[in-house]
Structures are given as C-alpha cells and as structure tokens.
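Residue numbers (our numbering), protein chains in the order written: chain A, 1 to 435; chain B, 1001 to 1435.
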C-alpha cells in the first residue's frame, strides 16, 4: 500500500525557490482578543515576525499595517476586519511541517513564530492563527488562480472576553464550502462545566468549583469539496486552561484531531491521510497514533446509523503537559503544532488528485446523501457542536459553518451489492487499519 | 382577516356527488401488529367497514382481499406489503371532519369506523391508520393524476411487539418529499422511561416502576412541497398506555399537534391553518386552542436560532381521559379524531393555492436555507426525534423521514430589510395570533 501512495501522491520539497521570490498573500484581519492580566502581552505579536516581518501598529482600534506576508494579529487591539493585499518576502520558517511541500503549493510563512518565553495561552493563540492562515493558503491554492477566496469575519465576545476569526469559502471551483475558524476566548467557568470536567478526572486542586475562569484557544475546520471523488476533511486543535480568581492556572490541556470522510473510497487516499497523521504522531510518541486512531474510530461514529462518519483519523483529549519540574512542558504543544501544520500535506494532495475527476449525476446525488449523514453526525452526536449550541450567546454561524452547503435525505436509500457506493458503506461499517 | 381567508381559500361541500361515483384508491398493505392478550382483537377490523366495506381474510400471513375503498388493516395478521388497486363505492362516513371538502378532492371513507366497544388502544390504532389513508389521499390528489404516488412500507418489531406502515412520496410534482407514518407498538417500559414519566406527573399507582408495559399508537407526517410559496406542514397524534404485568392499564394519555412552516409568509394561509385548528379545538373545549397554540409556539421554537420553526399551530401532551366514572372517557379521543381528520382541510387548500405559483431561483434557494433550519430543529430539538434516535433498535429511516429531500446552509446568510425573506424572519421571531 505504501508504494501505491508514494506514486499516487508525490510529495516533493519543491518549495525551496519560493522563499526567495515574492508572492501576494492576503492578510488576516486584526484580531479581537482581549488583553488580560493573565498572560496576554499587549503587542506581543507585532514586530516579532518570521525574519523580515515587521508591523507598524497602534493600540486599541487603530489601523495595523501588515508587511511581508505576515498578518500580525496582536493581543491588545480590536477592530473590524481588514483585508490587505501585501507582498510576501518572508524567509522560510523553521517549524517542522510548515515547509512540507504539496506539488506546486507554496506554504506561507508562519504568521507568528513560536516564542517559548510567552505563556502557553499566547503561544497557542499564535499557533491556531498560523494554522488558519496556512490552511487557507492551501485551500485557495486548490481553488486555483480564478477560484473562490475565503471571506474572513472577525468577531468578539462582549466584555472583552476574546473573539475569533471565521474564514469561510463558499461555492468555489474546488470546494462547495470550507470553513477555517479560530476562536480565542475566556470567561467565567460555570459550576456545571467545572463539575463535568472534574467528573472526567480533571484536577483543579483544592479550589472551589465556582468562581473559576477558563481560557480556550482553538482552530477548527471542515472542508467539503465539490467533486464527489474528493473527500470531506475536518480538523480541530484546541487548548484549554482553568484558572482561579487570581489568574493562577490550575489545569491546562490540549485536545483535537483530524478525520477524513470520503464519498467514494480510494484506499490509497485513506492510507495517505493516515500516514501523514501517523508520521506526525510518531515523531512525538509511538503510542499516540494507535491510541488516537482508535479514539477517532470511536468518536466519529454515527451511532444511530451504526457506521463511521468516514475513514477516521486521530482524536484525543485531556492531553496534559507534565506537572512543572516533572518533564518537558512543551512536548504536547509541539505535538499539536506538528499535527496541525501537517494537515495540508495529508489532505491537499488528495484534493488535487480528485478534484477534476469526471463524475455523474448519480455520483453527485450519492455525495449529497452522504452529506446528509455528515449533518446528522454534527447535529446529533458531535460534542463540540452540541456544547456550542447549548451555550447561551454562542456564535451559531461559527458553530454551524461545519454544515455542508447542501445535503439530501431519501427514504430507505439502499446501495447495491458490488457497487462503489456499497464499497464505501462496508468500509464505514468496519473501521480498518490504513497504515 | 377572516374575510380574506374566506375568499382566498373557498371550502365548498362539493363532494356530495363523489360518494355515488367510483374512483380508484390503493389499499394500504396488511399490517404488522401482534395480537396480544391485552386489547387487540383478532380480525376486529375485517368486515366491519363503512357501510359497504367487506373483506375476505385469512389469519397469519395469508392474502387479505380488500373491497369497496376500505383498505382493511386488522390486528391479527402479518405479511409483506401489498398494493391493490381497488374500486371505491363506499358510503360517506359519519365522523366529523372526514367529509369536509377541499375543492374537488374527494375524501376517502374512513378505513375502519370507530367502534366504542373496542379497547382504547384498538380504537386509536384504527384511527391513526384511517388518518394515514385520509392524508395520503389528499396529498396524492394535490399531486394530480400524473403525479407521484406514496410508497408504502410495512414493518414490524421483533417479538411480536407491533409495527407500522411508513408511507413516503418523493420527488413528486407538488411535493419534494412527504412522509405519513403510523406505528402501533408495545413492549416493556424501561425503568428510566417510567421514572421520567413519573417525574412529569404521570401516576401509575402503587405499581413498581420496573416490569411495566407500554403501548403506543401514533401517526406522524411531515410534508415538504416543491414550490417555495407552499409551506411545509407537520402533524402528529399519539396515544400512550402504561400497563402492569397482568395487562391492567395504569395510565393512558393522548398527545399531538400540527404546525405550519412557510418559506414565504402569506398571513391568510397562516390564518386559515390556525382557523381550522381552532375550530376543531373549540368543538371540544374552548380552552384548548389558546392553551395548545401557546404550547406550540414554545415547543416548535428553534432555541439556538431564537426563532420559531414556522407560524405554529397546536401542541399538547399528557391529555388524559377522566378517571373511570368521573366523566366522558371518550372526549379526548374524539378531540384527537377531530384534529387529525381536519388536517387536510387546514393544509390542502393552501397547497392547492400555492403549488403553481411562479418562483425564481433565488426563492428556491431561500426555501433550501429554510429547509436547513427545519433539519436543525428536528435533529437538535425535537423530542420525538431525539427519543427515537436514542432508542436501541429504533427504525431510523422512519424517524428521519421528516428530513427534507434537500437542504442548504450558507455562512452568515442575511436577509435584507423590506424583503419577503425578512418578512418571514420577523414573523418567526415574533409569534403572533393568527385568528
């Protein structure tokens, strides 16, 4: 299988010449994250870009100039979205994964390189905005020069409790709909939520369960291609912190994952997607991939249909940095960094390979029926969606951006034995090892 | 408003000549309900038709001949579905509502007239199958002579615990998709379900909460027209019984309702739909309509969108017959009978009026977006759907037949002030009195 993948999906390091050339990229808007007394540093992002990145900025709502392909979001200022077209002359970033090539796609430099001296929450906020820019670049590349572009929407929570950027592409040449969302928020942790966390084993020490605060930084993305031979993909990486009233962090953890949902099964695609995930996992802990792969098979299971949402991927939660002084506090962060930054390498080659496959009306209809199953999973089972929809004041449009553009339900639709539709069904009902 | 309705939706009693003529109707299949020691009477339905109705039948799986427009389902025999085309020469039934006319629609005679000497469960089973036949006839009439026809699917639960008939029409001229479902089932009541019922006030006397049995007979229907100017409609009427191990009924109650979901608001349509419901309610109890109308506004509320699913209707639950000897035990049954049998009078004139309205691509797209909201309500909030999906061994295809054929989600879709789309949104966000 590995050799098929190799020939089917050549990944060459053909981007070397890119870093010396210039290309136009569009800046992310200035972001909407509140400065707080617990870890944000005003202007921490500005001027600390990759090599040549420089930003002029003024605090609190003034215009932020963005130079050199680095769209600086910084944690002290707010305003409505801006979309600048700028020249990129940045040097290549050093982080693992960002330079992995995909045909002629030229990955953008990381928005804001990691700085280990910053608090974990700021580093993760930096990381998820970089993921967003990275994925958007890859998907817009797959759209082609005349394809659709992402619409970016900056939002903020009231009372300075953070915000995010929702980037959505709709009705493109390659993608029916794709959402790449960042949220970096904080607030009071409800007693119920704190109790739930405790009940699943989170330890907040002797602190009372009321009066706690939370911080969450996450990226989530769902991508629905137009061609029924190109699979839907999803990824989500998030960091969560619980603090006491003084701002002291009592508990922090990472979670996330990525999974692939084919409409027609190409085993080599599933193998490639899983291979990239396994390789990312193996770099950090050989136990991760087998464990998180199983977890994904269990999590992305459409219980009421008794079938998987797709061919799986990885899923994990409650992944804690070791207690201070007992190990490498950065290891989990770096694992998440590798996973997220490798996503385009795992997904884009598949899209490039399948996006122009000829398809019939019947195949499109099958795709729409499978989209219906995706809707069912998201609205009935997905814990993140359920939690979001039940949260008063939640941003519904961001939560439901995972919905496909269109979906279909037919009563008692049955696949026929020996067809490619049945082949997919069989694969969904019987999760398998892809690498 | 009433005068507008009158002129917009003329309801004439033009069916008088129908009963002397013959027309072809298709029989419901023989049904899959187990004979039990607690109320079913083998062959109770056969030969007891409306006037001229007669059936030849043999028990347990043999063919059931169906004559005179009365598709006899009877509670002792089983088999796979049959679809007979038969001549209808039945006399008009006497029940209130069944003879209400809708233009040139000729309502079929009731499948099986009510017999007050039968147990409540059998009477309700008879009633819901009659509702089904009645509604199917009305919808097929709206499809026209060359339109789509319902596909009927008989199913049964294992261990002789009842079954039902799912009738579905898909991709018709008038309707994109319509489901009219009956289920008549029984089984052991889980302790959890019994506790839940008790917690909302149901009284089972001194019986232990484990070892109880349940019986449920219900009809539910969701109808999605093709034309965006024709509204979606839903109705559900059900009867529930809890018995002890000896078969003694400890508690029984009725529930149900109907609601209308326009894509474009025609206030006169909403008024007509509500008028028919109010009139049905008022015949039985003047407090019903105001109370059940409010209940519908609350129940059919898409919480996460902060808007109604549609313009409401009625909703009720836990409507008990009075204790033996304290009042008219039949009153609630007759109320449900009136509501259900008046449904075509409330809905079909609207469909007939709107089904050929010219519409644009943009209007179709708006319909598809509203279908998305319908999906959200059903999968996220609807208690029946949630209960069904969480029930092991439930018949998923029947539960999800309420899904539209197709639906659409666009990120941050906004209606413009002054448009008909905004007019609908305003109406959904502010429930109003229609009669």
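In this text, a Cβ means the ideal position worked out from N, Cα and C, and glycines have one as well.
Keep in mind the model is a prediction, meaning the values are calculated, not measured.
For the region 1184-1215 of chain B, no residue has a beta-carbon sitting nearer than 7 Å to a beta-carbon of chain A.
Contact of residue 301 of chain A with chain B is not assigned, every C-beta pair being separated by 8 Å or more. The continuous beta strand (DSSP E) containing residue 1224 of chain B extends over residues 1213-1225. The C-alpha of residue 139 of chain A lies about 7 Å from the C-alpha of residue 348 of chain A. By the Cβ neighbour-count rule, residue 1278 of chain B is buried, with 16 or more other Cβ atoms within 10 Å of its own.
Between residue 1207 of chain B and residue 1234 of chain B, the C-beta gap is not smaller than 8 Å, which leaves the two residues out of contact. Judged by beta-carbon spacing, residue 1171 of chain B lies beyond the 8 Å limit of residue 1215 of chain B, meaning their Cβ atoms are not closer than that value. The Cβ of residue 305 of chain A sits closer than 8 Å to at least one Cβ of chain B. With respect to the C-alpha of residue 1231 of chain B, the residue from B:1354, B:1408, B:1425 and B:1388 having the closest C-alpha is B:1354. In the DSSP annotation of this structure, residue 117 of chain A is not part of any alpha helix (DSSP H), being labelled neither H nor E. CA-to-CA, the gap between residue 217 of chain A and residue 1161 of chain B works out to about 50 Å. When Cβ-Cβ separations below 8 Å define contact, residue 411 of chain A makes contact with chain B. Taking 8 Å as the threshold, the shortest C-beta distance from residue 136 of chain A to chain B does not fall below it. The alpha-carbon separation between residue 352 of chain A and residue 142 of chain A amounts to approximately 7 Å. A Cβ-Cβ distance of about 36 Å is found for the pair residue 1280 of chain B and residue 1360 of chain B, leaving them out of contact under the 8 Å criterion.
Annotation: residue 1245 of chain B to residue 255 of chain A spans about 49 Å, alpha carbon to alpha carbon. Under DSSP, residue 314 of chain A forms a beta bridge with A:258. Of the residues assessed, residue 1199 of chain B falls on the exposed side of the cut-off, its CB having fewer than 16 other CB atoms within 10 angstroms. Distances from the alpha-carbon of residue 1297 of chain B to those of B:1410, B:1415 and B:1433 put B:1433 closest. Exposed is the label assigned to residue 1322 of chain B, since fewer than 16 other Cβ atoms lie within 10 Å of its Cβ. When beta bridges are read from the DSSP output, residue 185 of chain A appears opposite A:162 and A:216. Put simply, the region 371-390 of chain A does not touch the region 177-191 of chain A. Fewer than three CB pairs are less than 8 Å apart.
Close to residue 221 of chain A, with beta-carbon spacing below 7 Å, lies no residue of chain B; the smallest spacing is near 13 Å. In this model, residue 173 of chain A and residue 336 of chain A are separated by some 31 Å (Cα to Cα). As a beta-bridge residue in DSSP terms, residue 1240 of chain B pairs with B:1216 and B:1253.
For residue 408 of chain A, the uninterrupted beta strand (DSSP E) run begins and ends at 406-408, by DSSP. In the DSSP assignment, the residues bridged to residue 1319 of chain B are B:1254. At a Cβ-Cβ threshold of 8 Å, residue 1237 of chain B and residue 1250 of chain B do not count as neighbours. By the Cβ-count criterion, residue 1122 of chain B is buried, with 16 or more other Cβ atoms from all chains shown falling within 10 Å of its own Cβ. Sequence-distant partners of residue 1357 of chain B (beyond 5 residues in either direction) whose C-beta falls short of 7 Å from its own C-beta, in its chain, are 1227 and 1229. With a threshold of 16 other beta carbon atoms within 10 Å, residue 270 of chain A meets it and is buried.
Bounds of the beta strand (DSSP E) holding residue 155 of chain A are 151-156. By the CB criterion at 8 Å, residue 1379 of chain B and residue 379 of chain A fall inside the cutoff. Taken atom to atom, the span from the alpha-carbon of residue 224 of chain A to that of residue 1404 of chain B is near 20 Å. Considering only A:395, A:422, A:350 and A:370, the residue with the shortest C-alpha distance to residue 158 of chain A is A:395. The beta carbon of residue 1275 of chain B is closer than 6 Å to those of 1435 in its chain, skipping five residues each way along the sequence.
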